[in-house]
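Only one structure is covered here, and it is reproduced in the block below.
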DNA sequence: CTGAAAGCGCTTACAG
DNA sequence: CTGAAAGCGCTTACAG
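Chains as they are written, first to last, in our numbering: chain A, 1 to 336; chain B, 337 to 672.
Put into structure tokens, the structure is as follows:
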């Protein structure tokens, strides 16, 4: 015996399918008595409305799609949890898709979601204005997360990378550090370039005379290690290193330690992200914490609004998720 | 203008909708020429078949559901990535649902997936035979992951916890450690109890005379710290501590360090999981690595088989994902 | 090879 | 309040 349909319930309750539908969806236009009888019949038959049939007729899937570059790692883990929680709270299902190596794969994934979702949460390094125009259905509510958005009017959420970087530079300056070097992230990476921008800007406005020094990196621990070796060779040597992410900061500290340099006594080192490991390295890492889960939650909230009430969210709405300074031993600050 | 339907394509290509359907689904029973014309029309109209309509008629959603206790953290992050990759490879969409605080919430989530998925990947601490009988549709292909399965014949994947724990105990014994204490995980947790079982079994078979000592814990770093303090107070003191997970091992090491005890010279400490942090603590942690992504991949594979070919997977099929010893400094082994 | 028609399970005007 | 009927967009026997 297959799953019960609305017809079975109608027969069992001796009413028409129309009444069953009405009773089970809010109950307007049905006597309390009939409604009760219908509900009992549905329960007895373990009736669950067929999702596809309902989608077809209501044009609503009650599902949102999340297209992410990856699912792995601290960042995505927290992001997807924030999204999931917010979706759940709104009674929405979550369809995920990730790991698109190139723009073509991302486009395919995007297309495949068509008709399966009421809205889209999109984070993709491949997405630019052109890509979006090509691959996003016109009328599908969409919120971009940490994605290039020059030339688009989609709603967008992003991490306040420059603000965070500025906080860090101000912190280092306040401790008396003068020669602050910056380890860059991968070129073309938006987070990385915004962090660098914040670094430059903070130096320019607070300490215009101080040297601006950037070292190549790609977010990997190894690249941080190599940057650390470069720091060792510089004359005059920087008295602080600000890495565009924590893993590079950790790699950098390893290089300094191997050379017998004490952190933070001889050189301060700090990062960005506040990965869990940051607390556990020696010395614990001063870094910038970003509320990633909030990024997911807020994006979902914005998307939910658009879905429920198209037009309720102004075109091109932008929001930033705040970044906070987390002071630990590696920057040489007196710890309370 | 809304999305094009099959009718629009039929009109554009001057054929019936039946031909469009045939041409676009494999093309059997259509001349190459007609098929070509139809494809061009579809492309021109940017036609994408309406997913819901197709689901309704084919009874296939091309979607699998993953019901997980959480999405956050190393373990789930890796698990879901393994699942996602395997699902992608089979052209299946992935619907996720998580964070069910109790059995009732899990049941609701399970029901909500009905009709939306062709199969289910299920990991739930709330799921026992009774729960499954109550809440799983009879004929829905399902694979259980790391879930209690006494009394069920669902297919199931699980981590080889006892095997891993046995490896660790054998490793410690081979290094000459005699009094090996074990820090337990939360009571009722399947992974935790299997690891403890492996610990006891390995001691019983390889070193029946050695003391069996268990200390309470709940997988949190704090509980490991407290267990570490208990270890310090014991006489005779254990010469090795095996924690049921890495975070407790890390907490334990912190307690020992504060008391001025050297790891591994005075006491060896090791964990289970190989979280990324394990490499970075001082000293680096000897632990058991589990190929979590494999768990997800294999589960997906088993599920895919069941979906494609019901009956092709023997009822009650069980598989275990292997666990490997990762030797680092904390166990006092000579590192190559 | 091609098309007209039935039907998947539901919701929603439209009558009564 | 209640029911008969149309229709959402698709696929698939069934004829031709």
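All residues carry an ideal CB built from backbone N, CA and C; glycine is no exception. This structure is a prediction, so every number in the text was calculated from the model and none was measured.
Measuring only between beta-carbons, confirm whether residue 414(B) sits less than 8 Å from chain A.
Closer than 8 Å: yes.
Going straight from the alpha carbon of residue 7(A) to that of residue 476(B), what length do you get?
The straight-line gap from Cα to Cα measures roughly 22 Å.
Contiguous alpha helix (DSSP H) assignments of at least 4 residues, all confined to the stretch 573–611 of chain B:
Runs of the alpha helix (DSSP H) inside the stretch 573–611 of chain B: 582–594.
Under 8 Å, with one C-beta from each stretch per pair, do the stretch 231–249 of chain A and the stretch 170–182 of chain A reach the 3-pair mark?
With the cut-off at 8 Å, the stretch 231–249 of chain A and the stretch 170–182 of chain A touch.
7 Å Cβ cut-off: residues of chain A touching residue 589(B)
What residue 589(B) touches in chain A: nothing, since even the nearest Cβ is about 10 Å away.
Would you please verify whether the beta carbon of residue 562(B) is less than 8 Å from any beta carbon of chain A?
Residue 562(B) has a beta carbon lying at 8 Å or more from every beta carbon in chain A.
When Cβ atoms are compared, which residues of the stretch 66–99 of chain A fall closer than 8 Å to chain B?
Result list: 70, 71, 72, 73, 74, 76, 77, 78, 80, 81, 84, 85, 88, 93, 94, 95, 96, 97, 98 and 99.
Just the Cα atoms here: how many angstroms apart are residue 245(A) and residue 254(A)?
Taking the straight line joining both Cα atoms gives about 15 Å.
Sequence-distant residues of the same chain with beta carbon closer than 6 Å to residue 455(B), five excluded per side:
Closer than 6 Å at the Cβ level, and outside the excluded window around residue 455(B), lie 400, 477, 639 and 643.
Residue 605(B) vs residue 577(B) beta-carbon contact at 8 Å
Between residue 605(B) and residue 577(B), the C-beta gap is smaller than 8 Å, which places the two residues in contact.
Please name the residue in 198(A), 193(A) and 185(A) whose C-alpha comes closest to that of residue 217(A).
If we check each option's Cα against that of residue 217(A), 185(A) comes out closest.
Taking only runs of the alpha helix (DSSP H) that begin and end inside the stretch 385–422 of chain B, which ones reach a length of at least 4 residues, in chain order?
DSSP runs (the alpha helix (DSSP H)) wholly in the stretch 385–422 of chain B: 387–394.
Three-state secondary structure assigned by DSSP to residue 659(B):
Residue state, collapsed to three classes: strand.
Can you grab the Cα-Cα spacing for the pair residue 87(A) / residue 341(B), in whole Å?
Between residue 87(A) and residue 341(B), the C-alpha separation is close to 29 Å.
Give me the DSSP bridge partner(s) of residue 145(A).
Its beta-bridge partners are 157(A).
Could you check whether the Cβ of residue 383(B) sits closer than 8 Å to any Cβ belonging to chain A?
Residue contact with chain A for residue 383(B): absent (no Cβ-Cβ distance below 8 Å to any residue of chain A).
Report buried or exposed for residue 14(A), applying the criterion of at least 16 other Cβ atoms within 10 angstroms of its Cβ.
Burial is judged here by how many other beta carbons sit within 10 angstroms of a residue's own beta carbon; residue 14(A) has fewer than 16 and is exposed.
With a threshold of 8 Å between beta carbons, is residue 618(B) in contact with chain A?
True, the Cβ-Cβ gap to chain A drops below 8 Å.
Does the Cβ-Cβ distance between residue 299(A) and residue 157(A) come in under 8 Å?
With a cutoff of 8 Å on beta-carbon distance, residue 299(A) and residue 157(A) are scored as near each other.
Any chance the stretch 38–57 of chain A sits against the stretch 66–76 of chain A, with 3 or more Cβ pairs inside 8 Å?
Taking 8 Å as the limit for Cβ pairs, the verdict is that the stretch 66–76 of chain A does not touch the stretch 38–57 of chain A.
What are the residues in the stretch 261–281 of chain A lying within 7 Å of chain B by C-beta distance?
Listed by position along the chain: 276, 277, 280 and 281.
According to DSSP, residue 213(A) sits in a beta bridge with which residue or residues?
Paired residue(s): 181(A).
If distances are taken between C-alpha atoms only, which option among 109(A), 172(A) and 295(A) comes closest to residue 333(A)?
Residue 172(A) is the option with its Cα nearest to residue 333(A).
Taking the C-alpha atoms as reference points, what is the distance between residue 53(A) and residue 391(B)?
If you take the alpha carbons of residue 53(A) and residue 391(B), they lie about 8 Å apart.
Assign residue 505(B) to one of three DSSP states: helix, strand, or coil.
If DSSP states are grouped into helix, strand and coil, residue 505(B) belongs with the helices.
If I measure Cβ to Cβ from residue 264(A) and keep anything under 7 Å in the same chain, skipping five residues before and after, which residues do I get?
Excluding residues within five positions, the ones whose Cβ falls inside 7 Å are 283, 329, 330, 331 and 332.
Cβ-based burial, residue 474(B) [other Cβ within 10 Å; buried from 16]:
Under the 10 Å beta carbon count, residue 474(B) is surrounded by fewer than 16 other beta carbons and is classified as exposed.
Just mark residue 147(A) as buried or exposed, buried being the case when its beta carbon has 16 or more other beta carbons within 10 Å.
Buried: at least 16 other Cβ atoms inside 10 Å.
Looking at chain B, is there any beta carbon in it that lies within less than 8 Å of the beta carbon of residue 134(A)?
Residue-level contact check: residue 134(A) does not touch chain B, since none of the beta carbons of chain B fall below 8 Å from its beta carbon.
Residue 354(A) at chain B interface by Cβ criterion, 8 Å:
This structure leaves residue 354(A) out entirely; chain A is present only between 1 and 336.
Minimum length 3: unbroken beta strand (DSSP E) runs contained in the stretch 423–449 of chain B:
The stretch 423–449 of chain B contains these whole beta strand (DSSP E) runs: 429–433.
Measuring only the C-alpha atoms, how far is residue 443(B) from residue 471(B)?
Between the alpha carbons of residue 443(B) and residue 471(B) lies a gap of roughly 6 Å.
If you measure between the beta carbons of residue 251(A) and residue 222(A), is that distance less than 8 Å?
Here residue 251(A) is near residue 222(A), since their CB atoms are less than 8 Å apart.
May I have the straight-line CA-CA distance separating residue 631(B) from residue 249(A), to the nearest angstrom?
Cα to Cα, residue 631(B) sits roughly 32 Å from residue 249(A).
Would you check if the distance between the CB atom of residue 226(A) and the CB atom of residue 212(A) is smaller than 8 Å?
Not closer than 8 Å, so no.
Just the Cα atoms here: how many angstroms apart are residue 125(A) and residue 219(A)?
Using only the alpha carbons, I get a separation of about 15 Å.
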